[in-house]
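Only one structure is covered here, and it is reproduced in the block below.
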Amino acid sequence: MRKLLMVRYGEIYLKGLNRPYFLKALVKRVKEAAKPFGGQVWLHDARIFISDAQDLEGCMARVSKVFGVHSIAPAIEMEKDNFEGICEQANELMQGLTGTFKVEARRADKHYFLTSPQINMQVGEYVLMRNEDHLKVDVRKPEHILSIEIRDQAYLYCTVYPAVGGMPVGTGGKAALLLSGGIDSPVAGYMIAKRGVQLVAVHYHSFPYTSEFAKQKVLDLAKILSEYCCGLKVYVVPFTDIQMQIHEKCPEDYTTLIMRRYMMRIAERIAQKEEAMALITGESIGQVASQTMEALITTNEVVKTMPVYRPLIGFDKIDIMEYARKIGTYETSILPYEDCCTVFTPRHPATKPKIALIEKGESQLDQETLIQTAIENAEIVEL
Amino acid sequence: MSIYLDNSATTRVCPQAVEAMADCMRNEFYNPSALYAPALHAQQRMRACRDAILKAVHAPMGAKALFVSGGTEADNLVIFGRAAKVRSGKVLFSAGEHPAVKEACQVCGLEPVEMPYDHRGIVDLEKLSGLLSSDVTLVCCMQVNNETGAIQPLKEISLLIKEKASYAHFHVDGVQGFLRVPFDMTACGADTYALSGHKIHGPKGIGALVMGPRVQLNPRQVGGGQEGQLRSGTENTPGIAGLLAAIEAFPRENNIRENKLLLWRLIQEAVPEAAVNGPAPASDVSAPHILNVSLPPVRSETMLHALEGEGVYVGMGSACSSFKQRVSPVLKAMNTPQKYAETALRFSLSPENTAEEMRETVAVIQRQYAVLSKFQRR
Numbered sequence: 001m002r003k004l005l006m007v008r009y010g011e012i013y014l015k016g017l018n019r020p021y022f023l024k025a026l027v028k029r030v031k032e033a034a035k036p037f038g039g040q041v042w043l044h045d046a047r048i049f050i051s052d053a054q055d056l057e058g059c060m061a062r063v064s065k066v067f068g069v070h071s072i073a074p075a076i077e078m079e080k081d082n083f084e085g086i087c088e089q090a091n092e093l094m095q096g097l098t099g100t101f102k103v104e105a106r107r108a109d110k111h112y113f114l115t116s117p118q119i120n121m122q123v124g125e126y127v128l129m130r131n132e133d134h135l136k137v138d139v140r141k142p143e144h145i146l147s148i149e150i151r152d153q154a155y156l157y158c159t160v161y162p163a164v165g166g167m168p169v170g171t172g173g174k175a176a177l178l179l180s181g182g183i184d185s186p187v188a189g190y191m192i193a194k195r196g197v198q199l200v201a202v203h204y205h206s207f208p209y210t211s212e213f214a215k216q217k218v219l220d221l222a223k224i225l226s227e228y229c230c231g232l233k234v235y236v237v238p239f240t241d242i243q244m245q246i247h248e249k250c251p252e253d254y255t256t257l258i259m260r261r262y263m264m265r266i267a268e269r270i271a272q273k274e275e276a277m278a279l280i281t282g283e284s285i286g287q288v289a290s291q292t293m294e295a296l297i298t299t300n301e302v303v304k305t306m307p308v309y310r311p312l313i314g315f316d317k318i319d320i321m322e323y324a325r326k327i328g329t330y331e332t333s334i335l336p337y338e339d340c341c342t343v344f345t346p347r348h349p350a351t352k353p354k355i356a357l358i359e360k361g362e363s364q365l366d367q368e369t370l371i372q373t374a375i376e377n378a379e380i381v382e383l
Numbered sequence: 001m002s003i004y005l006d007n008s009a010t011t012r013v014c015p016q017a018v019e020a021m022a023d024c025m026r027n028e029f030y031n032p033s034a035l036y037a038p039a040l041h042a043q044q045r046m047r048a049c050r051d052a053i054l055k056a057v058h059a060p061m062g063a064k065a066l067f068v069s070g071g072t073e074a075d076n077l078v079i080f081g082r083a084a085k086v087r088s089g090k091v092l093f094s095a096g097e098h099p100a101v102k103e104a105c106q107v108c109g110l111e112p113v114e115m116p117y118d119h120r121g122i123v124d125l126e127k128l129s130g131l132l133s134s135d136v137t138l139v140c141c142m143q144v145n146n147e148t149g150a151i152q153p154l155k156e157i158s159l160l161i162k163e164k165a166s167y168a169h170f171h172v173d174g175v176q177g178f179l180r181v182p183f184d185m186t187a188c189g190a191d192t193y194a195l196s197g198h199k200i201h202g203p204k205g206i207g208a209l210v211m212g213p214r215v216q217l218n219p220r221q222v223g224g225g226q227e228g229q230l231r232s233g234t235e236n237t238p239g240i241a242g243l244l245a246a247i248e249a250f251p252r253e254n255n256i257r258e259n260k261l262l263l264w265r266l267i268q269e270a271v272p273e274a275a276v277n278g279p280a281p282a283s284d285v286s287a288p289h290i291l292n293v294s295l296p297p298v299r300s301e302t303m304l305h306a307l308e309g310e311g312v313y314v315g316m317g318s319a320c321s322s323f324k325q326r327v328s329p330v331l332k333a334m335n336t337p338q339k340y341a342e343t344a345l346r347f348s349l350s351p352e353n354t355a356e357e358m359r360e361t362v363a364v365i366q367r368q369y370a371v372l373s374k375f376q377r378r
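Residue numbers (the working numbering), protein chains in the order written: chain A, 1 to 383; chain B, 1 to 378.
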């Protein structure tokens, strides 16, 4: 008999002939997550098992963040032929609980000497007789479900913890995330990564208009994301020169949009270099002046070789904040070392921009040199 | 290159203090309350430190020095301790007090009243006179303002208190002034005086409250009854050893004022738009170590980070509150125009700084200003 974690996967069930490919990727990710805890990981009978982890709770918390994992149950594995032992173990599991319960047996081994209903009844009776003062049976809406799975061994568990779901990272390709220090972009990155996409992050740093604290905050956000994304490479791109030149040479109302266009162009180049297939932004229609439909057209059109995914496009700010809280980035996102670059913020940014004016402004800039220099001087941080 | 000009935030611990603390931790680690001989040494070291503090502030006969964790605790102990004792009345505090005083005054249960500043950041005595009355039970004023370096007219305030609110307790927050600006507690007539170790090249986590002979406070922390029942808890003997060493090592003769005046002269030459916030740097109401300068139109944070990029570290207002508010409440209390308030930087010097460092600093300021001043919000 030993304690282990029984990990179930979700959407991969729906896969047909491709399923082994996805399963292999998932097992690899679960192995990476369990490694720091010394856990042994194997796939058997449509379940992933983790044994020998030093800190079972810590290991479970870590594995529950692996995309592709649907739920995790701390389970007890024992000899299935010793039915008396199973009953005793079931009794031990249920002793501390109060309220209503039922036993739910599942028999993958169809040659087992009892059927599932027989197991339910016999184990149920055994437990009830010994805990009558605090447990009652309710087969319709029980407060606790004692699960017994009969496979090569018997597995008993009564609590199933939900995990993040999604698809294993790496099975969905690669994309570049424009990561600011705000609330939205980490959420956007999370949503796309959850679909199995590996991320590379691009952050624009405007020292001395933004500080080392602001940069560290972004790296802290990236670190939180990296736990879900199985590591994250962050490009910290120096952006001050570009902002200064835009401020000097372009019409005031358009400075933010032109800046956004430069951000998109640089991100596209980095994405190409990283063999990524798309850009991801945290934009949402109408949230700020540069995110009106008209403004989005102008920032979208500079990206020529790949799609731009905006998973938050229809979200209200309040919903995004809720999501950020759920994934654990909110508290870091709202830390106050934000930009002191109001110098570069127009008082009345264009909400219905004219592309001709943008292009006229941009024609004053040496685009290629600015972009090349920024990329060459980018600092790469691997998390 | 690294030039540290944020000594009002904290200072580098001097080698003498490091040595004294290491020795205390290694060899004289005994609990001063213990009954065997080595504990006596620990007590003697504490007594030596108390004596050094009392001497440094010219404390009156019968005054005591109480060890606490730092300036904030000392201020809180007086304000809450006094409020618990008198239970009613008004507490007056100057408009630019450190939050350790201001916040405590606002929640201590007494009626908080602000003493206004004049345009130099100095308590307006005429207005103060109008605020004082017999129902004032506590008056708090800093010796030196932490942002502008303005030296407050403590003696005059004390005389006004004696005249109009003789029952009031007069507390002086000396965290920014201790050792850098002469202080005579006896002549000034203050009842309590707070100081902190880490502002004078001592360690963090140690400070003291000097209490005049007749002062009565209620404790904020109870337990073993240390520090005359007022501050229970095993004494921070390494901190006390470090504080004593720092007080002894602090050079009473130094070049801080000369260097500050040099810095200001060079800044004026390099950036004609520069303006001082607070009293004129050469005047006798300006502390020798603090220079608050605005460099419009470059915003404080931007210039701070630009200087940081070249290894020059300065402050903007009070470091404790840099992340909280945009415009400093001290500058606001002085009615500083927005243009200057949002471009203010604080240079705070220590005896360790050199004239050469002042020149290098200004060279960096000039270089950065030339670039950054071109970019203003349009």
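Using N, Cα and C, we set each Cβ at its ideal position, and we do this for glycine too.
For Cys140 (chain B), the three-state DSSP class (helix, strand or coil)
strand
Grab the span of the alpha helix (DSSP H) containing Thr450 (chain B) for me, first residue to last.
As shown, chain B starts at 1 and ends at 378. That puts residue 450 (chain B) outside it, with no answer to give.
Looking only at its chain, what residues have a beta carbon closer than 7 Å to the beta carbon of Ala104 (chain B), apart from the 5 residues adjacent to it on each side?
Asp75, Asn76, Ile79, Phe80
In terms of DSSP beta bridges, what is Asp241 (chain A) paired with?
DSSP, once it has assigned bridges, lists no residue as partnering Asp241 (chain A).
Here's the rule I'm using: 16 or more other beta-carbon atoms within 10 Å means buried, otherwise exposed. How should Met293 (chain A) be labelled?
exposed
Secondary structure, alpha helix (DSSP H): runs of 4+ residues fully inside the region 123 to 169 of chain A
none
Would you report the Cα separation of Met121 (chain A) and Arg2 (chain A), rounded to the nearest angstrom?
25 Å
Within 8 Å, do at least three Cβ pairs link the region 327 to 336 of chain A to the region 185 to 192 of chain A?
yes
Residues of chain B with CB closer than 7 Å to the CB of Met244 (chain A), please, in chain order.
Phe375
List the residues of chain B that Ser180 (chain A) touches, going by C-beta distances under 9 Å, in chain order.
The premise fails here: Ser180 (chain A) is roughly 18 Å from chain B at the closest Cβ pair, so nothing lies under 9 Å.
Does the CB of Ser333 (chain A) have a neighbour CB from chain B at under 8 Å?
no
With a Cβ-Cβ cutoff of 8 Å, do Ile50 (chain A) and Leu5 (chain A) count as a contact?
yes
If you measure from the beta carbon of Tyr155 (chain A) to each beta carbon in chain B, is any gap under 8 Å?
no
Residue ranges of each beta strand (DSSP E) within the region 29 to 101 of chain A, 3 or longer
40 to 44, 47 to 51, 69 to 78
For Asn377 (chain A), decide whether its Cβ has a neighbour in chain B, counting only Cβ atoms nearer than 8 Å.
no
Where Asn146 (chain B) and Val288 (chain A) are concerned, what is the direct C-alpha to C-alpha distance, given to the nearest angstrom?
39 Å
Please classify Tyr4 (chain B): does DSSP put it in a helix, a strand, or coil?
strand
Buried or exposed: which applies to Trp264 (chain B), given that a residue is buried once 16 or more other Cβ atoms fall within 10 Å of its Cβ?
buried
Listing by chain order, which chain B residues have their CB less than 9 Å from the CB of Tyr262 (chain A)?
The premise fails here: Tyr262 (chain A) is roughly 17 Å from chain B at the closest Cβ pair, so nothing lies under 9 Å.
Note down the Cα distance separating His449 (chain A) from Gly70 (chain B), rounded to an integer number of angstroms.
Summary: the structure shown does not reach residue 449 (chain A), with chain A confined to residues 1 through 383, and so no result is reported for it.
Comparing the C-beta of Thr302 (chain B) with each C-beta of chain A, is any distance below 8 Å?
yes
On the three-state DSSP scale, how would you describe Leu296 (chain A)?
helix
In whole angstroms, what separates the C-alpha of Ala58 (chain B) from that of Pro346 (chain A)?
A small correction: the amino acid at residue 58 (chain B) is His; Ala does not occupy that position in the sequence shown. So the alpha carbons of these two residues sit roughly 57 Å apart.
Are the C-beta of Gly70 (chain B) and some C-beta of chain A separated by less than 8 Å?
no
If you run the structure through DSSP and keep just helix, strand and coil, what is Val308 (chain A)?
strand
Taking Ile371 (chain A) as the reference, which of A:Arg47, A:Phe239, A:Pro307 has the closest Cα?
A:Phe239
Since Leu195 (chain B) and Phe170 (chain B) are thought to touch, with beta carbons under 8 Å apart, how far apart are those beta carbons, to the nearest angstrom?
Not quite, the Cβ-Cβ distance comes to about 16 Å (not below 8 Å), so this is no contact.
Proximal residues to Lys324 (chain B) (C-beta, below 7 Å), its chain only, five neighbours per side dropped:
Unreliable placement is indicated for Lys324 (chain B), whose pLDDT of 48 sits below 50; the coordinate value is still reported in the next sentence. Result list for Lys324 (chain B): empty, nothing under 7 Å.
Looking only at DSSP bridge pairs, what is Arg90 (chain B) linked to?
Here residue 90 (chain B) turns out to be Lys, not Arg, going by the sequence shown. Bridge partners of Lys90 (chain B): B:Glu111, B:Val136.
Along chain B, in chain order, which residues have C-beta atoms closer than 8 Å to that of Val237 (chain A)?
Here the premise fails: no neighbours, minimum Cβ distance about 17 Å.
Using DSSP with H/G/I as helix, E/B as strand and the rest coil, what is Met334 (chain B)?
coil
Take the Cβ of Val136 (chain B) as the centre, count every other Cβ of all protein chains shown within 10 Å, and call the residue buried at 16 or more, exposed below.
buried
Hey, is the region 336 to 353 of chain B in contact with the region 273 to 293 of chain B, meaning 3+ C-beta pairs nearer than 8 Å?
yes
Residues near Ala48 (chain B) in its chain [Cβ-Cβ closer than 7 Å; skip 5 each side]:
Leu244
Run of the beta strand (DSSP E) containing Asn292 (chain B), from where it starts to where it stops
290 to 294
How about Ser211 (chain A): is its C-beta nearer than 8 Å to some C-beta of chain B?
yes
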